[in-house]
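J.: What follows is a single structure, and I will ask about it in a moment.
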Amino acid sequence: MMDEVLSIAFLMSAATLRVATPLILCAMGGLFSERSGIIDVGLEGKMLMAAFFAAATASATGSAWAGVGAGVIAAEALALLHGFACITHRGNQVVSGVALNILAAGLTVVLGNAWFKQGGLTPPLTANERLMPLAFPNAGDSILVYVALLSVPFTWWLVGRTRFGLRLRAVGELPLAVDAAGISVAGLRYRAVLLCGLLAGLAGAYIAIAQNAGFTRDMTAGQGFIALAALIFGKWRPFSAFGACLMFGLLDAIAIRLQGLKVPGIGEVPVQLFQALPYLLTMFLLAGFIGRAVAPKAIGVPYTKEH
Amino acid sequence: MKKWIVPFTALLSVAAMAPFASAQTAIKPAVIYSTGGKFDKSFNEGVSTGVEKFKKETSSAVAEFEPANETQFEQAQRRFAQRGQDPIIAVGFSQAVALAKVAKEFPNLHFTIIDSVVDLPNVQSIVFKEQEGSFLVGMLAAMASQSGKVGFVGGMDIPLVRRFQCGFEQGIKYANPKAELISNMTGTTPAAWNDPGRGAELAKGQFDRGVDVVYAAAGSTGIGILQAAKDRGKLGIGVDSNQDYLHPGTMLTSMLKRVDLAAYRSFKAADDGSWKGGTQVLGLKEGGVDWALDEYNEKLITADMKTKVEAAKADIIAGKINVHDYMSNNTCKY
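Residue numbers (this note's numbering), protein chains in the order written: chain A, -18 to 288; chain B, 79 to 412.
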């Protein structure tokens, strides 16, 4: 009995981690961007674009790592575009983010159709073209799962314990002070946005070439927004956001396991209930438990240098 | 506008129409796919195969449309009808409501709907006895399973998918009364047909619980399910199209639902003038459903398995085995 409980617990935690990996990477990416004062609604689009270019490149070159590289570059390109609109031209950050999402949703399918002629799909990837589960540690996880886990303490250290992090936080709270100290606000924000692109790119590559074997239309399925929710849930702090990502992953894993299960006395519980469970719990927790989430003060406000 | 322009343009348009009028004998068929997308390697791709065959044989152009979401169904049907496309095939049960409306507006055009019934004189409804084909692959699954646990992952949770599941379950129990079935549905919205990531996760959840053969009845989502089976060294069963070629060695078989034939025959009938409205129900007897055996899975199907399945197939056709249809009373008691 004890063995069984332990084995179920192990399997559940493995499933949680698999589902949560793109969320964690994306949330950490979003954290850099948002702590520097740039709202990133475009996480979803960056991830989708990265997923497409990762799968397309892996399929064309036969190398999974080339795919990861291409995915990151694609996400960085969108990140730069976002930066160009929001930092250089002081555009509306939400509008730019939404535009990136729409661009990614359309462009991936159009390019996919033009290149592979399979209705926007990439050809199915073979084992060599994918990031397969590592032999050690033998938990059936690809290397990006561990990268995601390491990204959390790394983010915590970079944002909380380095000079770069201090300035990054300052630029999100009071950019005027940073400017007065003679440090470029735009430069810092660009670096933050690029870090965000890097992590969102890894998340997209994970979805397309580790979790799945190829790109399908809209395959990110709203995970960028869930990561954003987790970030706000975790009050823009790395470990709290990590916890929120794990919670979303766990709820999903539970929903999958409990489907079709017969509960004594009630009979089979409808699938719909379990699928609604994550959302119900989110609302419940948001309403009662975590309290007020305070955003960085300068978030969403373009910085205008005063002369 | 000067007065002479009106008769002049009228004359011009008549002149422009003339070549079309002389080519009236050729039909102008159209097809509107379901939300899973034309290249889902399963249901829609089956239809597409039939359409391609028709195109090749008659070298006629077929207008095609892939809706991005279900709100586009009605729009697409009406647009094709206004352009005078005839016949128009609507693929998938979720187009039925829209088609009932549009077909009424265009009583002179012919419509065909696959997987649902629209009771109008100018609509041909083609439905399948998926439970019969699923019964056969259920038998194969139970015979191939080492653990005695078989999995089912459906797409959207609707009675039609439950029909697959129920037939599958009956086949499993027929071959091995002690075998256990673990079922999951991917979701409750049409997005459930196009979510391979979630499909893979559902399949892995089943494998963790001891399942070693999984039946994917989920459109594009199935790509993820069958991939997960391959990644874990388990067996997968495809659906609608023959999907055995996707992963030779881990594809036990596919439940064939001959939507390609349905689409092809419907166009062909319109082409030679024998098109008829009404409902067609295609089962094992009519060759509408079947199980797949080809060079990709022949090593997995033993002679014993083949004999037993073929015997059951003959019994179903002869009416000796009655496979319960979930949609007849919305329960799976048999």
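For every residue, glycine included, the Cβ atom is placed at its ideal position computed from N, Cα and C.
Remember, it's a predicted structure, so these values are computed and weren't measured experimentally.
So is Gly64 (chain A) in contact with chain B if we call contact Cβ pairs under 7 Å?
T.: With 7 Å as the cut-off, Gly64 (chain A) does not count as an interface residue toward chain B.
J.: What whole-angstrom Cβ distance do Gln202 (chain B) and Gly355 (chain B) have, given they're in contact under 8 Å?
T.: About 5 Å; that satisfies the 8 Å criterion.
J.: Can you list, in chain order, the residues of its chain whose CB lies under 8 Å from that of Lys286 (chain A), leaving out five sequence neighbours each side?
T.: Result list for Lys286 (chain A): Asp160 and Val166, in chain order.
J.: Three-state secondary structure (DSSP) at Lys179 (chain B)?
T.: Reduced to three states, the DSSP call for Lys179 (chain B) is helix.
J.: Going by alpha carbons, who is nearest to Tyr187 (chain A) out of A:Ala39, A:Arg144, A:Thr2 and A:Leu(-13)?
T.: With distances taken between Cα atoms, Tyr187 (chain A) lies closest to A:Thr2.
J.: Looking at the C-beta of Thr197 (chain A), does it have a partner C-beta in chain B at a distance below 7 Å?
T.: Yes, Thr197 (chain A) lies at the interface with chain B (some Cβ there is under 7 Å from its Cβ).
J.: Mind checking the region 222 to 244 of chain B against chain A and listing, in chain order, the residues whose C-beta falls within less than 8 Å of any C-beta there?
T.: Answer set for the region 222 to 244 of chain B: Asp235.
J.: Does any CB atom of chain A fall closer than 7 Å to the CB of Ala256 (chain B)?
T.: Just to set this straight, residue 256 (chain B) is Lys in the shown sequence, not Ala. Chain A contact via Cβ: absent.
J.: Distance check for Lys312 (chain B) and Ala390 (chain B), CA to CA, integer angstroms please.
T.: The straight-line gap from Cα to Cα measures roughly 25 Å.
J.: Quick check: the Cα distance between Phe345 (chain B) and Leu334 (chain B), rounded to an integer number of angstroms?
T.: C-alpha separation (whole angstroms): 20 Å.
J.: Within 7 Å (strictly less), CB to CB, does Leu(-8) (chain A) reach chain B?
T.: Taking Cβ atoms only, chain B reaches closer than 7 Å to Leu(-8) (chain A), which makes this a yes.
J.: Which of helix, strand or coil does DSSP assign to Met113 (chain A)?
T.: Looking at Met113 (chain A) - three-state DSSP - the assignment turns out to be coil, as it is neither helix nor strand.
J.: Within 7 Å of any Cβ in chain A, is that where the Cβ of Pro165 (chain B) sits?
T.: By this cut-off, Pro165 (chain B) is not an interface position.
J.: So the alpha helix (DSSP H) Ala234 (chain A) belongs to, where does it begin and stop?
T.: Pro219 to Leu239 is the extent of the alpha helix (DSSP H) around Ala234 (chain A).
J.: What is the DSSP secondary structure of Ile73 (chain B), reduced to helix, strand or coil?
T.: No answer is possible for residue 73 (chain B): it lies beyond the span of chain B, which begins at 79 and ends at 412.
J.: Give me the residue from B:Ser261, B:Lys256, B:Tyr252 and B:Asn254 with the minimum Cα distance to Gln243 (chain B).
T.: Nearest C-alpha to Gln243 (chain B): B:Ser261.
J.: Once DSSP output is grouped into helix, strand and coil, what is the label at Glu376 (chain B)?
T.: In this structure, Glu376 (chain B) counts as coil in the three-state DSSP scheme.
J.: Taking Ala211 (chain A) as the query, report the chain B residues whose CB atoms sit under 8 Å from its CB, ordered along the chain.
T.: Result: empty, since nearest Cβ-Cβ is about 17 Å, beyond 8 Å.
J.: Is any beta-carbon of chain A found at less than 7 Å from that of Leu280 (chain B)?
T.: So, interface residue.
J.: Cβ closer than 8 Å: which chain A residues qualify as neighbours of Gln305 (chain B)?
T.: Within 8 Å Cβ-Cβ: Pro105, Asn193 and Ala194.
J.: Just confirm the distance between the C-beta atoms of Leu12 (chain A) and Leu212 (chain A), as a whole number of angstroms; I'd bet it's less than 8 Å.
T.: With 8 Å as the limit, Leu12 (chain A) and Leu212 (chain A) qualify as a contact, their Cβ atoms being about 6 Å apart.
J.: Output the distance between the C-alpha atoms of Val0 (chain A) and Gly230 (chain A), rounded to the nearest integer angstrom.
T.: C-alpha separation (whole angstroms): 5 Å.
J.: Quick one: list the residues of chain B neighbouring Ala95 (chain A), beta-carbon separation under 9 Å, in chain order.
T.: By Cβ distance, chain B contributes nothing, its closest Cβ being about 14 Å from Ala95 (chain A), past 9 Å.
J.: Assuming the contact rule is C-beta atoms closer than 8 Å, Leu258 (chain A) and Ala236 (chain A) should be a hit. Round their C-beta distance to whole Å, please.
T.: Confirmed, Cβ separation roughly 6 Å.
J.: I need the straight-line Cα distance from Pro185 (chain B) to Ile167 (chain B), nearest angstrom please.
T.: When rounded, the distance between both Cα atoms is 15 Å.
J.: From B:Ala141, B:Lys227 and B:Ile236, pick the residue whose C-alpha is nearest to that of Glu247 (chain B); which is it?
T.: When only C-alpha atoms are compared, the closest one is B:Lys227.
J.: Beta carbon of Cys177 (chain A), beta carbon of Ser14 (chain A): below 7 Å?
T.: Going by C-beta atoms, Cys177 (chain A) is nearer than 7 Å to Ser14 (chain A).
J.: Listed in chain order, which residues of the region 141 to 169 of chain A have Cβ atoms closer than 9 Å to some Cβ of chain B?
T.: Result list empty, no residue passes.
J.: Quick one: what's Thr190 (chain B) bridged to in DSSP?
T.: Thr190 (chain B) is bridged to B:Ile167 and B:Gln202.
J.: Step through the CB atoms of chain A and report whether any lies within less than 7 Å of the CB of Gly302 (chain B).
T.: Yes, Gly302 (chain B) counts as interfacial toward chain A.
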